[in-house]
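Asker: Structure incoming, see below.
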Amino acid sequence: MKSNNARGWKKVFGFTFTQYIKTKSFIVGTIVIGLIVMLLTAGINIIPKLAGAGDIITGSDSATEIDLRKAYISDSTGTLTADDISSLIKLNIPVTETEATDSQLIERLTDAEAGEILVTIAADEQDGAIVGYSVKTFYSPDTDGDSVSAVSDMVIALMKYRNMMNIGVSPEDFAATQYYYTASRIQAGSDEWSVFESMINYVVPMVFSLVLFIFIFAYGQAVAQAIATEKTSRVMELLLTSVRPLAVVIGKVLAMGLVSIMQFLMIGIVGGVTFAATAPFGIGGDIMKIMGDASLQTGQNADIANAITSSFGNISPLTFILILLIFILGFMFFALIAALVGASVSRMEDLAQAMQPYSLLGVLGFYLAYFPIIFNADSLDTGAASSNPIQIFSYYFPVSSPFSLPSALLLGNLSMPQIIVAILILAAFVVLVAVIVARVYEMIILHNGSRLKFGDIIKLAGKKK
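Encoded structure:
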C-alpha cells in the first residue's frame with residue numbers, strides 16, 4: 006500500500022470524528038446507554054441486598070427477621086418442652102398461649118390481621134408406631150412468607166433435637182451429627198468449580214460477548230452508512246478531488262474506531278463509578294468486606310472468595326491492554342468489511358440488502374461466542390469446569406474471536422501463548438481484509454449502477470492493477 010494512496014486520510018479522520026461526536030445520535034445514545042448502565046449496575050448491586058442476599062453472605066440475622074404479631078404452637082404429640090418454647094421466644098417469635106382448639110384458631114386466622122400463624126404438630130403412625138411427624142403452618146392473609154417459613158423450619162429443627170434428647174443422645178453428640186453433605190459429578194481430569202465459579206464462568210462470557218457485539222457491529226454499520234450516504238449524495242465526488250479514495254476509508258474507519266473506544270471507555274467509567282457509589286449500600290460492598298476480611302471467609306463466604314480469586318486473580322494491566330487490542334482489531338475487521346459494503350452500492354435503497362451478508366457474518370460470530378457457553382450450563386450442576394470444541398474454535402476464528410477472547414482472557418480460560426496465537430490470527434485477517442480494501446476500494450467507490458456483490462469484489466481484488 007503506497008503512502009500516496011492514503012494521502013489526505015488525516016483530513017477525513019478529523020472531519021468524520023468531529024462531525025460524528027456532535028451528532029444528536031451520538032450524544033443522546035451515549036446518555037441513554039450511560040443511564041441504562043447506571044440503572045443496571047445499581048440494580049444488580051442493590052436489589053440482591055434488598056432481597057436479603059447480602060445478609061446471607063455476611064451472616065447477618067436481619068435476613069430472617071421475624072415479622073409476626075402472634076404465633077400459636079399446637080403440639081399434639083407432647084414432644085416440645087417449655088424450654089423449647091422459651092428458645093423460640095428468645096428468637097423473637099411471639100409465641101402466644103390459648104385455650105382455643107386448632108379448628109377454632111384456623112377459623113380465627115381466616116379473618117385475622119396479617120402477622121398471625123398457627124403451627125400444628127401431629128405424629129404419623131404406622132401399625133401403632135410413630136414413623137414421622139407432620140408440621141403444618143397456617144397463617145392469616147398478607148402474612149410475611151419468609152417469617153412463616155422460618156418459624157416452620159425452627160419448629161422442625163426443635164422436634165428433631167428434642168426427639169434425639171428423649172432417646173438419650175447428649176446435646177454434644179447431637180451437634181456432632183449435624184453435618185451437611187454435597188454431591189458432584191466431575192469428569193476425571195477436569196478442574197473442579199464451586200457453584201460460584203460456575204456462575205462467574207457462565208455469566209461473564211455471555212455479558213461480554215453481547216456488549217462487544219453491540220459496539221463492534223453497530224459502529225461497523227455506521228461506517229457503511231456514512232460512506233454510502235456520501236457516495237449516493239455525490240459528496241464523494243467532491244471529496245475525491247482533494248483526497249485519495251483509500252484515504253476516505255482509512256480516515257472514516259479510524260475515526261469511528263476512536264469514537265467507539267471513547268464511548269466504550271465512557272460507559273465503562275460510568276459503570277465503575279456507579280458501582281463504587283452504590284457498593285456501600287449493596288451486595289458489592291458485602292463482597293468487598295469478605296475479600297478484605299479473612300475472618301468472614303468461612304463456609305459459603307469462603308466459596309465466594311475463592312471463586313473471585315480463582316476467576317479474576319490473574320488480572321493485570323496487561324489484561325486490559327490486550328482486551329483493548331482485541332476490541333480494536335475486531336472493530337477494524339468488521340469496519341473494513343462494512344466500508345466495502347457501503348462503497349458497493351449506488352443507491353441508499355440498496356444498502357439494507359447489501360448489508361445482509363455483513364449482518365449474517367456478525368451474527369454468526371456472536372452466536373459462535375455466545376451459544377457454546379450455554380452448552381456448558383451443566384457445570385452449574387456437576388461442579389466440573391467444562392468447555393466444548395465450538396467454544397475453543399470461537400477463540401481462534403476471526404469472525405467470533407473479538408466477542409469470545411476478552412472474557413477468556415479476563416477469566417484466565419486460555420494461557421498467554423494461546424491468547425497470543427488467537428490475537429495474531431485475528432490481526433492476520435485484519436491485514437488480509439485491509440489488503441483487499443486497498444486493491445478494490447478505488448475501483449468500487451466510483452462505481453455507479455447495479456450493486457456489486459461480494460463475489461464481484463473478490464474478483465476485483467484478484468485482478469492485477
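Everything in the sequence shown is counted per the numbering used here, starting at 6 for the first residue and increasing by one.
The C-beta atom is built at its ideal place from N, Cα and C for all residues, glycine as well.
1. Between Glu121 and Arg74, is the Cβ-Cβ spacing less than 7 Å?
2. Determine the direct distance from the alpha carbon of Ile98 to that of Gly34, and round the result to whole angstroms.
3. How would you write the range of the beta strand (DSSP E) that Leu123 sits in, first residue to last?
4. Let me know the secondary structure DSSP gives Phe20 once reduced to three states.
5. Let's test the definition: count the other Cβ atoms within 10 Å of the Cβ of Ala357 and tell me whether it reaches 16, buried, or not, exposed.
6. So Phe336 and Tyr224 are in contact, right, with Cβ under 8 Å, and what is the actual spacing, rounded?
7. Opposite Thr86 in the DSSP bridges: which residues?
8. Quick check: the Cα distance between Tyr363 and Phe338, rounded to an integer number of angstroms?
9. Please identify the residue among Asp129, Ile90, Ser108, Ile111 whose C-alpha is closest to the C-alpha of Thr101.
10. Give me the DSSP bridge partner(s) of Ile483.
11. Restricting to Cα atoms, I'd like to know which of Val440, Ile331, Leu85 is closest to Phe213.
12. Tell me, to the nearest whole angstrom, how far the beta carbon of Leu410 is from that of Ala427; I am working on the premise that it is less than 8 Å.
13. CA-CA distance, Val368 and Lys16?
14. Closer than 7 Å by C-beta to Leu93: which residues in its own chain qualify, once you throw out the five before and the five after it? Chain order, please.
15. Across the segment 252-264 and the segment 338-352, are there enough close Cβ pairs to call them in contact, namely three or more that are closer than 8 Å?
16. Rounded to the nearest angstrom, what separates Ala260 and Ala231 at their Cα positions?
17. Name the two residues that bound the continuous beta strand (DSSP E) containing Thr142.
18. Mind checking Asn50: buried by the 16 CB within 10 Å criterion, or exposed?
19. Answer with buried or exposed for Ala143, where buried requires no fewer than 16 other C-beta atoms within 10 angstroms of its C-beta.
20. For Asp386, count the other beta carbons within 10 Å of its own beta carbon; 16 or more makes it buried, fewer makes it exposed. Which is it?
21. Per DSSP, what kind of secondary structure is Val350 in: helix, strand or coil?
22. Distance check for Phe22 and Thr283, CA to CA, integer angstroms please.
23. Any chance the segment 102-117 sits against the segment 128-136, with 3 or more Cβ pairs inside 8 Å?
24. In whole angstroms, give me the CA-to-CA distance for Ala181 and Ile41.
25. Taking all protein chains shown into account, do 16 or more other C-beta atoms lie within 10 angstroms of the C-beta of Phe18, making it buried, or fewer, making it exposed?
26. With 16 as the cutoff for other CB atoms within 10 Å, does Gln396 come out buried or exposed?
27. Starting from Val100, follow its DSSP beta bridges and name the residues at the other end.
28. For my contact list, Phe218 and Ser265 are in at a C-beta cut-off of 8 Å; report their separation, rounded to the angstrom.
29. Under the rule that 16 or more other beta-carbon atoms within 10 Å means buried, what is Gln268, buried or exposed?
30. Around the C-beta of Tyr184, are 16 or more other C-beta atoms found within 10 angstroms, so that it is buried, or is it exposed?
31. Shortest alpha-carbon distance to Val153 belongs to which of Leu85, Ile272, Thr125?
32. Figure out for me which residue from Pro394, Ile328, Ser351 has the closest Cα to the Cα of Leu431.
33. Could you work out which residue in Gln361, Ala413, Ala76, Ser175 is closest to Gln226 when comparing CA atoms only?
Answerer: This is what the structure holds:
1. Start at 1 with the first residue of the sequence shown, and residue 121 comes out as number 116. Start at 1 with the first residue of the sequence shown, and residue 74 comes out as number 69. In contact: Glu121 and Arg74 (Cβ atoms closer than 7 Å).
2. Translated into the one-based positions of the sequence shown, residue 34 becomes position 29. Translated into the one-based positions of the sequence shown, residue 98 becomes position 93. Computed Cα separation, rounded: 53 Å.
3. For the purposes of this step, residue 123 is taken as the residue at position 118 of the sequence shown. Element bounds for Leu123: 121-131.
4. Here residue 20 corresponds to residue number 15 of the sequence shown, with the count starting at 1. Helix.
5. Here residue 357 is taken as the residue at index 352 of the sequence shown, counted from 1. Exposed is the call here.
6. Against the sequence shown, residue 336 aligns to sequence position 331. Against the sequence shown, residue 224 aligns to sequence position 219. Contact flag correct, Cβ pair sits at about 7 Å.
7. Mapped onto the sequence shown, residue 86 falls at position 81. In DSSP, Thr86 forms no bridge with anything.
8. Counting from 1 along the sequence shown, the entry for residue 363 is found at position 358. Counting from 1 along the sequence shown, the entry for residue 338 is found at position 333. Using only the alpha carbons, I get a separation of about 11 Å.
9. In the sequence shown, counting from the first residue as 1, residue 101 sits at position 96. With distances taken between Cα atoms, Thr101 lies closest to Ile90.
10. Nothing can be reported for residue 483, as the shown portion of the chain is limited to 6 through 470.
11. Sequence index remark: in the sequence shown, residue 213 carries index 208 (1-based). Closest in alpha carbon position to Phe213, among Val440, Ile331, Leu85, is Ile331.
12. Working through the sequence shown from its first residue, we reach residue 410 at position 405. Working through the sequence shown from its first residue, we reach residue 427 at position 422. Yes, Leu410 and Ala427 are in contact; Cβ-Cβ is about 6 Å, under 8 Å.
13. Residue numbering aside, residue 368 sits at position 363 when the sequence shown is read from its first letter. Residue numbering aside, residue 16 sits at position 11 when the sequence shown is read from its first letter. C-alpha separation (whole angstroms): 33 Å.
14. On the sequence shown, position 88 is the one that residue 93 refers to. Around Leu93: Val100, Met159.
15. yes
16. Counting from one through the sequence shown, the residue named residue 260 turns up at place 255. Counting from one through the sequence shown, the residue named residue 231 turns up at place 226. Taking the Cα positions, Ala260 is about 12 Å away from Ala231.
17. By one-based count along the sequence shown, residue 142 stands at place 137. Start and end: 134-144.
18. Along the sequence shown, one-based indexing puts residue 50 at 45. By the neighbour-count rule (16 or more Cβ atoms within 10 Å), Asn50 is buried.
19. What you label residue 143 is simply residue 138 of the sequence shown in a count that begins at 1. Note that residue 143 is Phe in the sequence shown, not Ala. By the 10 Å Cβ count, Phe143 comes out buried.
20. Here residue 386 corresponds to residue number 381 of the sequence shown, with the count starting at 1. Confidence in Asp386 is poor, its pLDDT being 47 and thus under 50, which makes the residue's placement unreliable; the coordinate value appears in the next sentence. The residue in question, Asp386, is exposed, as its Cβ has fewer than 16 Cβ neighbours within 10 Å.
21. Numbered from 1 along the sequence shown, position 345 holds the residue referred to as residue 350. Coil at Val350, not helix or strand.
22. Position 278 of the sequence shown, counted from the first residue, corresponds to residue 283. Position 17 of the sequence shown, counted from the first residue, corresponds to residue 22. Looking at the two C-alpha atoms, the distance is approximately 34 Å.
23. no
24. Looking up residue 181 in the sequence shown gives position 176. Looking up residue 41 in the sequence shown gives position 36. Rounded to the nearest whole angstrom, the C-alpha separation of Ala181 and Ile41 is 51 Å.
25. As a first step, residue 18 must be located in the sequence shown, where it is residue number 13. Residue burial annotation: Phe18 is buried, with at least 16 other C-beta atoms found within 10 angstroms of its C-beta.
26. Against the sequence shown, residue 396 aligns to sequence position 391. Gln396 comes out buried.
27. Position 95 of the sequence shown, counted from the first residue, corresponds to residue 100. For Val100, which the question treats as bridged, DSSP gives the partners Ala76.
28. As a working note, residue 218 is residue 213 in the sequence shown. As a working note, residue 265 is residue 260 in the sequence shown. About 12 Å separates the two Cβ atoms, so there is no contact after all.
29. Stepping through the sequence shown from its first residue, residue 268 is reached at position 263. By the 10 Å Cβ count, Gln268 comes out buried.
30. Along the sequence shown, read from residue 1 onward, the residue named residue 184 stands at position 179. Counting Cβ neighbours within 10 Å, Tyr184 comes out exposed, since fewer than 16 surround it.
31. Here residue 153 corresponds to residue number 148 of the sequence shown, with the count starting at 1. Residue Thr125 is the option with its Cα nearest to Val153.
32. Within the sequence shown, the letter at position 426 stands for residue 431. Checked all of Pro394, Ile328, Ser351; the closest Cα to Leu431 is Ile328.
33. Mapped onto the sequence shown, residue 226 falls at position 221. Residue Gln361 is the option with its Cα nearest to Gln226.
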